[in-house]
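Residues in the sequence shown are numbered consecutively from 192, following our numbering.
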Amino acid sequence: MAPIQTMPMPQPQLFGRPRITTGRECRNNPPLSPGPDEVLVNLKFSGLCHSALHQWRGNHVTRKEHRVDGHEGTGIVVAAGNEVKDINIGDHVGIQCINRTCGVCDADKQSDYVSCPHARMTGYSVDGTFREYCISQACHVVRLPKQIPLDVVAPIICVGTTCFRAVQESGAQPDSLLAVAGPPGGLTTLTCQYAKARGCRVLVISTGDYSDHLYKQKLGAEYYIDYNSPADMVAEVQGMIGDGPDAAIIIEGSGALLKGALQYVQPRGTVVVVGLPPGTPIGIDISKLVSRMAQVKVVPYGGTREQIEKAILVFTEERFYQPCHDFALDELPRILHSMQNDIPKGTYPEAPLRYGSQLLGEAVIKIPNAETIPEPQVVANLPSSRPTFNQTTYNIGTFLAYRFEELGIRDYFAVPGDTNFFLLDNLLKNPNLRMVTCCNELNAGYAADGYARVSPARIAVVVVPYIVGSLSVLNPVSGACSQNIRLIILSGCPTTSLVKSDKFLHHAPSAKNKDQALRAFEGVTAASVRLESAETASDVLDDTIGECLDSNMPVYIEIPNDLGSAACAQPSPLSRKVNSKSQPRVLEEAVESIKSIWNSSQRPVLLLGSLAGLSLPRRQIERLADKLGCAVLCQPDGRCIDESHPQYCGQFWAGMTNPEGEQIVMRSDLWLVLGGNWSDLHVMMSSNKQEGYRMISVDNDWVELPDGKHIKPVKIDALVAQLIMSGMKPKTDSIPRPKPLLGCLPPEETETSETPLTLKSAISGIQGLIKEHDTLLCDAGESWLIANHILLPPEANCQLQFPYCSIGWALPAGFGSQLARTQGRSIILIGDGGFQMTAQEVSTMIRHRANAIIFLFNNLGYKIETAMHDGPYNYLANWDYVQLANSFSSKPHAPSHNPYASKEDEGLEDSPPMFAMKIKTIGDLKQALDRVDAESDKLAFLELCIQPDDITDDLRRLGKIIADQSAEGSENSQSPGTEEAND
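What follows is the structure in structure tokens.
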């Protein structure tokens, strides 16, 4: 494994206090590699436990020098030893205090891991969680459901579990009265909620201006007492509730709180102590304690893996309120000062740091990635490197071969024909480009669409024959137009003289319609041109490519047969010819306008659309989100932010999914929309114009303000870069607590290997399979809705052809996506109806050894159509899909049938790099998923046999909405004949 790099950073002075160590200070870190029973975790967040204060002050004498602190880490498994069985790469996990034990001593056998003589503790004897990576023995790693945000769950690993165990140790039963005494903040609120979850009545003894409302109104406590108010706490408690509580929990309190609890708790009652500060005088009269037969218990911090997972389960199922505060790692020293409550006046005036001890159980440290450093602004549209392909003289074909390499393109898709042979011959002269021939032009266009979405170059090329090929690829190009996908369509055509003649040419619909394709593409491209001469060709090509880059739109170029090999000028750097910069004054006007509107808002949100993901680096989007501090939501086709980001609140698809996220948006007073798309499907047939009064819309080259004013030209990438550096104020009020739970629920515990496969179990399996850097490609229909329930790991993305909805798109698009990826796999979700439209491209995937994963949902028909309007046209012939997939690579009937084949290609038929499986049960699914991981270099074709009536609730809603709208439209457009018949 490659060495893990961290960013060294000088440690700030902490006013004479001992320091706390983070991964940013560790220079020359050795490479991290897990042992056979260990896992390596890429940490995203770390909670802040009270023990961090003790470490900071040097109270923990067992802590080794130069160890990184922290033990409430959450992140994603990136490597696992060969003995690890219950944790997989890509799983969400937590790193707790117990890092490793011997496994053989008596203490270990009794799950008393802290007493193990060989125990290693995270942040004490081994490096902790205030760094990017951490290693732990797998048996002590906490398994986290993926639907829980990683920042929210981090404090539960230690602080929350401690509160959970305290309630258990109190022995309080449902309907009994439990007193919870402690300072305001996370510890007390969590303990109160765990007590309520157990069915207890709760008395809270705390302090704070709003604590009475918080504990009684929001958390459901029955009684509240401010411990700073009454002179006699015991009398106050007994006067309020009579005989006193059945048990009491003292959290991080003073000796006075403990002494009082021992007096007001009922005889034979239990007092549980959590984290009493060292050296605290108590002054208990032992004789009175004995006479009341009271029991005192002490609960240590944290717990075992099982206890932590149980605490998290209760936390999740009961939807606890938790005001989680996310801070940068650099702020950690100041946070500790704030928690200690000894900041000199005026030293740290920032409001977010004035929390004091309230931050216990609420503060979460965001762990930066090593590469998360400010990036220089780069104009993404322009090539960044000089091609290695060079010719002494260039023709039009080799000119284009140079340009494609310059743009960062590695592959181009083609369907050969008599009008593009010479063009293809010249493109093949560049060894740095790979020609990928597809089964037909429709699939080639879809494959190019998928390639352009995930390729670093964000652009793709398709070469097709004259008119018959052009009109076939028109459908994919129309879909690309709807989502601002950059495609260059090269079509061959007859020679210049033939095109100008009055002859009726083959492939043309008539003698007068030789321009049929040119005209057809005008409505779905930024430019539709035909080269007229070799002298002007290079300028026309560069101008057209520039239009593609600047507009984020497809372009169409026809190249006559006699010009494909015609000599032309040597290419100069394309960056000199493409000008996509914003005008400084216009850009400044846009930034100032947005800043002014934003700073005057109260509860703004950031909405991300598909264009944002295509035009902006993900890191830049996340830096903007960090800057704004508000809730972030994505349109279904705009999932372009790390979904473990602390501000991410899910998708915004009104009326369809994530109702909590929808409420966040609808309650906000300002929407900052980056690259949004407002089709009828995005807004479910209603109009978004009524929301214009609170929308700032940022598109590829313009901005629209809430008052309707347009500012242009303003490039989206330049604008976002300036907004990050602007004076926009952070606005956090739109982020709810608790945040929406995202992703699918775990499978039912009653499932066995013989349980028939269900849609829910299939979704859960896909959720467990998807890993960092993977791409989920979802075909039109229920696959969209399945994607709504899958939480994406970091750097993974989800692609939908939304709103164009061309059924069958996902299969070839997934192939193109797989070729474009530098890491990760394409995971294709497609129904049986969509698959039957583009099935041939499986053979191309096998031929090019694409290791994509195909999930074919065989539910015996077009279920999205059935949900809208049933009829005999929604049902189709059932294929033997597994046998079909296996037949796509068979031995030829003659040797040496392909003189251009490599030795690797010749052996393809004997051992095709793919496998296909039919999945009917839970056992089949598990076996298939295990094989997908074990044979990760192969194409995996998995047929999921789903019962026809097993559909998502989302699909039922979608079908009803569209059916109702269609019926309404039908009633409003009755023909005269229909009216007469009704009469």
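Ideal Cβ placement from N, Cα and C applies to all residues, glycine included. If you're wondering where the values come from, they're calculated on a predicted model, not measured in any experiment.
Beta-carbon proximity of T461 to S361, cut-off 7 Å: yes
Sequence-distant residues of its chain with Cβ nearer than 6 Å to V627 (five each side left out): D602, F604
Own chain residues within Cβ distance below 6 Å of N790, not counting five before or after: K920
Spatially closest choice to M312 from Q301, A298, S327, S302, by CA coordinates: S327
Identity of the residues DSSP links to C240 by a beta bridge: The partner list for C240 (beta bridge, DSSP) is empty, contrary to what the question assumes.
Contacting residues, own chain, Cβ-Cβ under 7 Å from I534 (five flanking each side not counted): Confidence at I534 is low in this model, with a pLDDT of 36, below 50, so its placement is unreliable and no value can be given for it.
D730 - DSSP class collapsed to helix/strand/coil: helix
Residue interval of the beta strand (DSSP E) (run including V782): Looking at the DSSP string, V782 is not in any beta strand (DSSP E); the run it does join, the alpha helix (DSSP H), is 775-790.
Burial state of H516 (16 or more Cβ within 10 Å): buried
Limits of the beta strand (DSSP E) - the one that E749 falls within: 746-751
7 Å Cβ cutoff met for E749 and I902: no
Same chain, Cβ closer than 8 Å to V1195, five either side skipped, listed in chain order: A question about residue 1195 goes unanswered here, because the residues of the chain that appear run from 192 up to 1174.
Residue ranges of each alpha helix (DSSP H) within the segment 977-1034, 4 or longer: 1001-1011, 1023-1029
Segment contact flag, the segment 651-658 with the segment 608-625, C-beta cutoff 8 Å, min 3 pairs: yes
Residues of its chain near P1103, where Cβ-Cβ distance is below 6 Å and the 5 sequence neighbours each way are ignored: I1037, S1080
Straight-line gap, D833 to N560 (C-alpha atoms, nearest Å): 12 Å
Residue range of the unbroken alpha helix (DSSP H) whose run includes I832: First-last for I832: undefined, no H or E at that position.
Nearest-angstrom Cα separation, counted from C349 out to R356: 10 Å
A345 vs V555 beta-carbon contact at 7 Å: yes
With 16 other Cβ atoms within 10 Å as the buried cut-off, status of F236: buried
According to DSSP, residues forming a beta bridge with Y585: C759
Residue range of the unbroken alpha helix (DSSP H) whose run includes I432: 424-432
Distance CB(L1075)-CB(M1105) smaller than 7 Å: no
Pairwise C-alpha distance: T589 and Q582: 8 Å
Nearest neighbour of K703, chosen from G714, K691, F712, A711 [CA to CA]: K691
First and last residue of the uninterrupted alpha helix (DSSP H) at S682: No alpha helix (DSSP H) holds S682; the beta strand (DSSP E) holding it covers 678-684.
Coarse secondary structure for V796, derived from DSSP in three states: strand
I812 versus E723: straight-line alpha-carbon distance, rounded: 43 Å
Candidates N1069, T1035, S1157: closest to E1100 by CA position: T1035
DSSP beta-bridge partners of C1136: N1049
Of the listed residues C672, N634, I679, nearest to I650 (C-alpha basis): I679
Strand pairing of A372, partner residues [DSSP]: I396, I441
Buried or exposed (CB count within 10 angstroms, at least 16 for buried), C969: buried
Where C307 sits in the DSSP three-state scheme: coil
Spatial neighbours of T946 in its chain, beta-carbon cut-off 7 Å, leaving aside the 5 residues before and after: T1112, I1113
Cutoff 6 Å; reference P365; Cβ partners in own chain excluding five residues on either side: G390
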